Amino acid sequence: MQDYYTQIDKHDVISFDVFDTLLSRTVIAPVDVFTVAQELLNQEGLFTLQDDFRPLRIKAERDARLSKVSADVTIDDIYSQLRVLRPDYPADIVDALKEFEIKAEKAVLVRGRAAPLYEYAKKAGKKIAIVSDMYLPKRVIKASLDQNGIEDIDYFLVSCEDHLSKASGTAFIALRDAFPEASVLHIGDNYHDDITMARQHGVNAIHIQSAIEVLKNRGILNRMYGVWERRLQAPETAYLGQVTQSIVDAVVANYITTHEVDVEESIGFAVLGPLLLGFSQWLHESLKDDSCDKVLFLARDGNIIHKAYNLVFGEHAVANEYIYGSRRALVFPGMRVLSGEDITTFAQLYRGASLDATLKTFNLDKKSPEVVRAAKSAGVNLRNDTVDSSSAVNVESMLLLLKDVILETAERERDTVLEYLDSVGFGNPASRVAVCDIGWNGSVRTVIENYVGREVPGYYLGLRNVEK
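Counting in our numbering, the sequence shown runs from 64 upward without gaps.
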């Protein structure tokens with residue numbers, strides 16, 4: 064940003080664009096504001112719109128611009144056109160929609176990437192100008208700037224009220240004429256309207272990229288933009304869930320492009336943070352709805368969810384605990400019979416692992432006489448390093464020969480597991496205890512149900528886009 068400060072030092076008057084420059088919307092798609100306006104209207108209970116308001120509002124603006132080519136449209140022009148498109152809408156409802164759009168617009172506006180430049184220019188004693196091509200009235204834009212600490216404007220031009228625009232160049236002629244003896248610098252995000260047209264009409268200008276434009280040009284982060292871009296290209300129908308996602312995306316974009324963060328932190332802020340927040344909120348609501356008294360987060364994958372859930376809800380969280388124990392520690396002692404199918408299932412989990420690790424799963428010592436005899440009968444070379452596709456069948460045969468030894472070991476471990484499960488909440492039959500984990504299989508939950516003899520609710524952060 065140093066080049067911007069250097070340019071500000073060289074000029075007397077610093078002019079700013081507003082949207083995506085001094086202010087940024089906390090939605091990725093500006094038209095999502097229209098859906099927010101509809102939701103506000105519906106929540107007010109004055110009138111429930113069954114139609115999707117967003118495409119109607121977009122068409123009303125498009126038609127208003129086509130019918131008024133000589134000057135920029137106002138928000139009143141747009142809503143007059145909306146009345147033409149939908150004469151069945153009561154006049155007071157159309158007026159309410161307009162006011163709710165203004166409320167929604169003000170609610171989603173925050174300080175943009177150029178706000179520090181404004182602060183610098185003010186401290187340096189520069190005159191401040193605002194030049195915006197916008198249909199919102201000047202009072203609304205000024206109020207939004209004020210609420211974000213951008214005040215004391217020396218010159219304020221808005222196309223819909225002053226009938227001059229950056230796109231035509233007339234706004235820059237007026238700006239130049241307002242400060243005839245001063246050097247003027249304009250800063251904006253639209254290269255044609257803010258930069259090309261300013262320079263063509265005698266005003267110096269520098270381009271500042273919007274947060275989204277920055278992401279497009281920042282290495283691995285442009286993948287995030289690609290996801291958002293596909294969402295923006297979706298059909299002109301929006302639901303509140305999409306608007307929520309739009310808000311999250313915009314917060315992420317604004318943060319990443321205004322802070323010094325590395326790629327890992329960016330991915331955490333943009334992907335894992337929203338994921339864990341959303342999952343924690345869903346989990347909390349689900350536990351409450353299902354009248355769960357406690358939730359157990361399963362080691363080790365459940366550790367990060369456990370931390371996130373408690374960070375989000377603190378003292379309001381449902382009683383919870385992170386329980387220690389691998390899948391093997393819970394699943395293996397639960398065995399009461401051991402069929403060939405069971406052996407195959409277990410062995411497949413360790414295909415590609417070392418033979419020692421596979422034997423350790425069943426608490427078997429490869430030097431014991433029982434293992435040596437079974438290996439010889441099944442044709443297993445105990446000196447092999449791994450269980451691969453060529454040796455897997457023989458290893459499974461060896462384990463089946465050792466099933467009595469395996470089941471004896473499982474029985475010895477079972478009492479320890481039952482004692483542990485009692486200690487974490489399952490000892491009280493009246494308590495509804497749930498489990499939470501990452502992944503879809505739910506194998507551990509099923510095993511716990513077999514131990515405790517009752518249903519155990521399970522909540523999962525799925526890793527694949529399939530339903531279970």
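All C-beta atoms in this analysis are idealised placements derived from N, C-alpha and C, irrespective of residue type, glycine included. Bear in mind the structure is a predicted one, so any value in this text is a computation, not a measurement.
C-alpha distance - residue i paired with residue j, whole-angstrom precision
i	j	result
A187	A206	24 Å
L418	V394	19 Å
G212	A170	15 Å
V157	L145	8 Å
F376	G442	56 Å
E224	D114	31 Å
N444	T424	18 Å
M398	D500	22 Å
T449	E474	28 Å
L335	L481	35 Å
E348	G488	21 Å
D66	D240	26 Å
I216	A237	16 Å
G192	F235	Per the sequence presented here, residue 192 reads as Ala, with Gly not at that position. Answer to the nearest angstrom: the Cα atoms are 11 Å apart.
L361	E404	26 Å
E244	H264	16 Å
R117	P150	17 Å
L462	T509	23 Å
A154	L160	10 Å
F110	E102	11 Å
G495	R391	Looking at the sequence provided, one finds Arg at residue 495 rather than Gly. Spanning the two alpha carbons is a distance of roughly 24 Å.
F242	L119	41 Å
L484	S402	26 Å
I138	G108	23 Å
V136	H255	20 Å
K439	N447	13 Å
Q305	D428	Its pLDDT being 47, under 50, Q305 is placed unreliably by the model, and nothing is read from it.
D252	Q272	5 Å
Under 8 Å between C-beta atoms of residue i and residue j
i	j	result
Y523	G502	yes
M197	V81	yes
S87	V194	no
N426	T472	yes
I141	V203	no
Y385	S343	no
K122	L148	yes
A533	I250	Any question about residue 533 goes unanswered here, given that the chain covers just 64 to 531.
V358	V381	yes
L470	A437	no
I368	L339	yes
I269	Q106	no
D75	K190	yes
For residue i, the first and last residue of its enclosing alpha helix (DSSP H)
i	result
H369	365-376
L103	95-107
V515	506-515
I121	116-130
I469	466-484
A178	178-186
L160	154-170
H347	336-352
T424	418-424
I236	233-241
D140	138-148
R202	201-210
D398	Reading off the sequence, residue 398 comes out as Met, not Asp. Per DSSP, M398 belongs to no alpha helix (DSSP H) and is neither H nor E.
S440	432-441
A261	260-263
T69	65-72
Test: residue i CB closer than 8 Å to a CB of chain B
i	result
G521	Absent here is chain B; the protein component of the structure consists of one chain.
Bounding residues of the beta strand (DSSP E) (the contiguous stretch that carries residue i)
i	result
C499	496-501
R446	No beta strand (DSSP E) holds R446; DSSP gives it neither H nor E.
L86	86-88
I269	267-270
Residue i - partner residues in DSSP beta bridges
i	result
N383	V358
V221	S195
S78	A192, H249
Y523	D500
V487	Paired residue(s): none; V487 is not in a bridge.
V173	S87
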